[in-house]
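Report on the structure given below.
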Amino acid sequence: MRLYDIYFPFITLFVLISCSLHGYSQQETMPDSLIVSSYVEGPHIRQTSSNRVDVFYIQHDSIKNKTKKISRSLRYKNDTLTFKGFAGSDTLTYIIPQKIRPRSGIFEKADKIIVLGDIHGELEALTNILRYNNVIDEKNRWTFGDGHIVFTGDVFDRGNKVTECLWLIFQLEIQAKKAGGRVNYIIGNHEMMALLFDDRYVDKKYKHAARYLKYHYSHFFGKHTVLGNWLRSKNTLMRIGDQLFVHGGISPQFLEKKMKIDDVNMKMRYHLNNYTQLKDTTLVDLFLYSYSPLWYRGYLSRTPSYDRISLAEVIKTLDFYESMVIIFGHTPVARVYPFYSFKLIAMDVPIGDPNFIDQALLIENQKYYRIFAHKEKERLR
486 MRLYDIYFPF
496 ITLFVLISCS
506 LHGYSQQETM
516 PDSLIVSSYV
526 EGPHIRQTSS
536 NRVDVFYIQH
546 DSIKNKTKKI
556 SRSLRYKNDT
566 LTFKGFAGSD
576 TLTYIIPQKI
586 RPRSGIFEKA
596 DKIIVLGDIH
606 GELEALTNIL
616 RYNNVIDEKN
626 RWTFGDGHIV
636 FTGDVFDRGN
646 KVTECLWLIF
656 QLEIQAKKAG
666 GRVNYIIGNH
676 EMMALLFDDR
686 YVDKKYKHAA
696 RYLKYHYSHF
706 FGKHTVLGNW
716 LRSKNTLMRI
726 GDQLFVHGGI
736 SPQFLEKKMK
746 IDDVNMKMRY
756 HLNNYTQLKD
766 TTLVDLFLYS
776 YSPLWYRGYL
786 SRTPSYDRIS
796 LAEVIKTLDF
806 YESMVIIFGH
816 TPVARVYPFY
826 SFKLIAMDVP
836 IGDPNFIDQA
846 LLIENQKYYR
856 IFAHKEKERL
866 R
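First residue of the sequence shown: 486, per the numbering used here; consecutive thereafter.
Structural data, given as structure tokens:
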């Protein structure tokens, strides 16, 4: 276990106390404008009234050392906001439903499912895999029909195309549903960090943009923003047919509570949305810290807090959740691979890292394959 996992509760509490909910003071540790490359960050959308929003970008010119906010006030029409990007080279069309609601984490089986591990802002690697496997076309439009995609969390942090990845997933979610397919984005520990004022792994570009607005990075995803509202609607556990998906894993301590899938999802939303004012804190450790589905590493690792999980404990989890296999990310591996007799499949191959081959998982007609951005699929054995 990394020190990061051990001290997260204390660091988060300190940061939450230190940051006001309406502003973020500049600090010497923030990146200086002169060492941040030019960028255009956005769009970000903040609700200003019942049917109006402020759509804005932050644009930084490193040569001139100038930063500015570019914004427009727009309104929903027929419960939908539609606009074309208006800063830098962004000419994408954004379609935003006015109402974003949580949905069940349980689906009937699907003939085709593609599962992607921790993306961490690596847009190019993500789009390369999706295009090569005929999920999207050259204009990033959905072409996967009634297939499902599952993102196993951690789209945030490390990379510098996080916002672009989020909007790609957001728009594909809408397009897939119209085609009879589904895009399923379950939250990971880095989504949790983005919502709870922990920016230790945020690229300096985002810290610079936040500082310009006197924000903390988490304010880009506040409860009155489109992306923040959308993230808060996401599930922690989901099942498609007899395949169970989670970011980190389901610890034996968590399983003891015998919470069904949608109960877990509802309680996680409660803990994330009310962290600073929880009336009932009895489940905080299980939802937000090391035994949480977002943080647990026991499928692959032994830590000071727990031993590596046994096959018998995995089978107990599968029986309770009426599943045959658990597919998870969070803990890095060299390749997508199954273990414990195909009861577990590990997904978190570091994407965009030249030391690893970018890959994902395809489930097709109950068979499992590694898929890539530049070569044919491989059957998992």
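Here a beta-carbon is modelled for each residue, glycine too, at the ideal position from N, C-alpha and C.
Nothing here was measured: the structure is a model prediction, and the numbers come from that model.
Residue i - partner residues in DSSP beta bridges
| i | result |
| --- | --- |
| Pro-582 | Thr-565 |
| Leu-829 | Ile-811 and Phe-824 |
| Asp-539 | Arg-531 and Ser-558 |
| Asn-720 | Ile-671 |
| Tyr-854 | Leu-847 and Arg-864 |
| Asp-546 | Lys-551 |
| Glu-526 | Ile-543 |
| Lys-597 | Glu-849 |
| Phe-592 | Ile-725 |
| Trp-627 | Ile-621 |
| Thr-710 | Arg-531 |
Under the three-state DSSP convention, the category residue i falls into
| i | result |
| --- | --- |
| Ser-786 | coil |
| Asp-603 | coil |
| His-693 | helix |
| His-732 | coil |
| Phe-641 | coil |
| Tyr-755 | helix |
| Thr-816 | coil |
| Ile-659 | helix |
| His-633 | strand |
| Ile-621 | strand |
| Trp-780 | coil |
| Thr-576 | coil |
| Thr-802 | helix |
| Thr-766 | coil |
| His-859 | coil |
| Arg-793 | coil |
| Ala-610 | helix |
| Glu-741 | coil |
| Ser-703 | helix |
| Asp-688 | coil |
| Tyr-442 | Because the chain in this structure spans residues 486 to 866, residue 442 falls outside the shown range and cannot be described. |
| Asn-840 | coil |
| Val-521 | coil |
| Val-867 | Only positions 486 to 866 of the chain appear in this structure, which leaves residue 867 out of reach. |
| Ala-664 | coil |
| Val-834 | coil |
| Leu-651 | helix |
With 16 other Cβ atoms within 10 Å as the buried cut-off, status of residue i
| i | result |
| --- | --- |
| Ala-694 | buried |
| Ala-679 | buried |
| Arg-793 | exposed |
| Tyr-492 | Legend: pLDDT at Tyr-492 = 46, less than 50; position of this residue unreliable, no value from coordinates given. |
| Pro-528 | buried |
| Ile-830 | buried |
| Gln-762 | exposed |
| Arg-724 | buried |
| Phe-827 | exposed |
| Asn-750 | buried |
| Arg-696 | buried |
| Thr-648 | buried |
| Met-677 | buried |
| Lys-719 | buried |
| Met-809 | exposed |
| Leu-796 | exposed |
| Gln-512 | Summary for Gln-512: the model assigns pLDDT 38, below 50, so the residue's position carries little reliability, and this model does not support an answer. |
| Asn-669 | buried |
| Arg-717 | buried |
Cβ neighbours of residue i in the same chain (closer than 7 Å, five flanking residues each side left out)
| i | result |
| --- | --- |
| Glu-863 | Tyr-854 and Arg-855 |
| Val-525 | Tyr-542, Gln-544, Ala-572, Gly-573 and Asp-575 |
| Tyr-776 | Ser-736, Gln-738, Phe-739 and Asp-770 |
| Pro-582 | Asp-564 and Thr-565 |
| His-507 | Bear in mind that a pLDDT of 39 at His-507, under 50, signals an unreliable position, so the number given afterwards is only what the model happens to contain. Hits under 7 Å: none found. |
Neighbourhood of residue i by C-beta distance below 6 Å, restricted to the same chain and skipping five residues each side
| i | result |
| --- | --- |
| Tyr-617 | Ala-858 |
| Gly-644 | His-605, Gly-606 and Glu-607 |
| Val-538 | Ile-530, Gln-532 and Leu-559 |
| Thr-567 | Ile-580 |
| Ala-595 | His-633 and Ile-725 |
| Thr-802 | Ile-735 and Leu-740 |
| Leu-601 | Phe-636 and Ala-845 |
Neighbourhood of residue i by C-beta distance below 8 Å, restricted to the same chain and skipping five residues each side
| i | result |
| --- | --- |
| Leu-653 | Leu-608, Leu-611, Thr-612 and Asn-625 |
| Glu-623 | Arg-616 |
| Phe-629 | Lys-597, Ile-599, Asn-619, Val-620, Ile-621, Ala-661, Ala-664 and Gly-666 |
| His-732 | Thr-637, Gly-638, Asp-639, Ile-671, Ile-672, Gly-673, Asn-674, Thr-721, Pro-778, Leu-779, Phe-813, Gly-814 and His-815 |
| Gly-837 | His-605, Glu-607, Glu-609, Ala-610, Gly-644 and Asp-843 |
Heavy atom of the ligand NAD within 7 Å of residue i beta-carbon
| i | result |
| --- | --- |
| Arg-793 | As presented, the structure is devoid of all ligands, the ligand NAD included, so that no description of it is given. |
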